[in-house]
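Residue numbering for the sequence shown follows the UniProt record's numbering, beginning at 1 and increasing consecutively.
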Amino acid sequence: MDLSLSTRTVGDRTVVEVGGEIDVYTAPKLREQLVELVNDGSYHLVVDMEGVDFLDSTGLGVLVGGLKRVRAHEGSLRLVCNQERILKIFRITGLTKVFPIHTSVQEAVSATD
Numbered sequence: 001m002d003l004s005l006s007t008r009t010v011g012d013r014t015v016v017e018v019g020g021e022i023d024v025y026t027a028p029k030l031r032e033q034l035v036e037l038v039n040d041g042s043y044h045l046v047v048d049m050e051g052v053d054f055l056d057s058t059g060l061g062v063l064v065g066g067l068k069r070v071r072a073h074e075g076s077l078r079l080v081c082n083q084e085r086i087l088k089i090f091r092i093t094g095l096t097k098v099f100p101i102h103t104s105v106q107e108a109v110s111a112t113d
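Okay, structure coming up:
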């Protein structure tokens, strides 16, 4: 399966909609998108993972790298996910303590840092 990416601005946040699989083959595409957004001055990102079917350790690494990049600019990276199989990965790895995870884009955009 391939990876689909699209971005839009909601208030002062940039929302990255991700669909498909984030794995060793597709994760570089997401990494490039996050790096480009940060380089263009978008430091408050919301990654909407509702359309993600699969996430592996490479994908997790890309998200952690994105978080480090925005934090270097005093920014934030919030995730939107309510799929149990994806949330389980974040719980098992302890990343629920690292990423704010929301159930909707609106909730993530409205959250204060």
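Just so it is clear, CB atoms sit at the ideal spot from N, CA and C, and this is done for glycine as well.
Being a predicted model, the structure only gives us computed values, none of them experimental.
Between the beta-carbon of ASP40 and the beta-carbon of GLU21, is there less than 9 Å? No, the pair does not count as a contact, with Cβ atoms beyond the cut-off.
Would you kindly check if the distance between the Cβ of LEU37 and the Cβ of THR14 is under 9 Å? Yes; because the gap between Cβ atoms is below 9 Å, this pair is in contact.
Who pairs with VAL47 in a beta bridge, going by DSSP? VAL47 is bridged to VAL16 and LEU79.
What do you reckon, are the CB atoms on SER79 and VAL47 nearer than 9 Å? Note on residue identity: the sequence assigns Leu, not Ser, to residue 79. With a cutoff of 9 Å on beta-carbon distance, LEU79 and VAL47 are scored as near each other.
Nearest neighbour of ARG69, chosen from ASP23, SER104, GLN33 and LYS88 [CA to CA]: Among ASP23, SER104, GLN33 and LYS88, the Cα nearest to that of ARG69 is on GLN33.
The alpha helix (DSSP H) spanning THR58 covers which residue range? Run containing THR58: 57–71, per the alpha helix (DSSP H) assignment.
For LYS29 and VAL109, the rounded distance between their alpha carbons: Looking at the two C-alpha atoms, the distance is approximately 24 Å.
What residue range does the alpha helix (DSSP H) around SER104 cover? Boundaries cannot be given for SER104, as no alpha helix (DSSP H) includes it and DSSP labels it neither H nor E.
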